[in-house]
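Before any comments, here is the structure.
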């Protein structure tokens with residue numbers, strides 16, 4: 010699956026537009042890369058951990074010439090899968106907590122509308138509440 014296919018699949022699952030999913034994915038990638046490059050970890054519960062690992066300097070061989078080459082020490086990105094992801098893949102995509110998590114994603118969610126916000130009541134039925142705040146830019150706070 011490439012990035013475009015991931016965006017399309019996520020848009021289909023969530024009901025959000027492809028462009029919005031693309032922006033979200035790009036932002037997530039940016040923040041993960043920025044955090045890992047600083048030396049910190051990004052831990053996503055049940056999925057895994059992105060981190061940077063330090064590689065030592067070493068002597069390697071050039072396979073074409075057979076000569077030795079010095080490789081400098083460097084920091085490389087790494088991913089360690091979480092237990093839930095590991096067991097889900099080992100089971101061939103069946104069972105585990107992911108099925109329950111994905112079922113929650115595919116159910117209708119509350120959406121902001123011009124008339125108010127659609128929210129789920131305790132019974133699970135959508136209810137509409139009227140907007141109680143003035144539109145942005147017309148707030149009379151502090152006057």
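In the working numbering, the protein residues as written are 10 to 152. Positions of the beta carbon are idealized from the N, C-alpha and C atoms, including for glycine.
Open item on the list: Alpha carbons only, please: which of 84, 18, 98, 35 is nearest the one belonging to residue 64?
Closed with: Comparing Cα positions, the closest option is 84.
Task: Spatial distance of residue 46 from residue 35 (CA atoms) - done: Those two C-alpha atoms are separated by around 16 Å.
Open item on the list: Tell me which residues share the same chain as residue 12 and place their Cβ nearer than 6 Å to its Cβ, disregarding the 5 neighbours each side in the sequence.
Closed with: Around residue 12: no qualifying Cβ.
Task: Ranges of the alpha helix (DSSP H) found wholly within the segment 64–105, counting only runs of at least 4 - done: Within the segment 64–105, the complete alpha helix (DSSP H) runs of at least 4 residues are 92–99.
- [ ] Would you check if the segment 43–61 and the segment 83–101 touch, i.e. whether three or more CB-CB distances between them fall below 8 Å?
- [x] Below 8 Å, enough C-beta pairs join the segment 83–101 and the segment 43–61 to call them touching: three or more.
Task: Euclidean distance between Cα positions of residue 41 and residue 79 - done: The alpha-carbon atoms of residue 41 and residue 79 are separated by roughly 30 Å.
Open item on the list: Which residue wins for smallest C-alpha separation from residue 54, given the options 10, 100, 95?
Closed with: Here the closest residue by C-alpha is 95.
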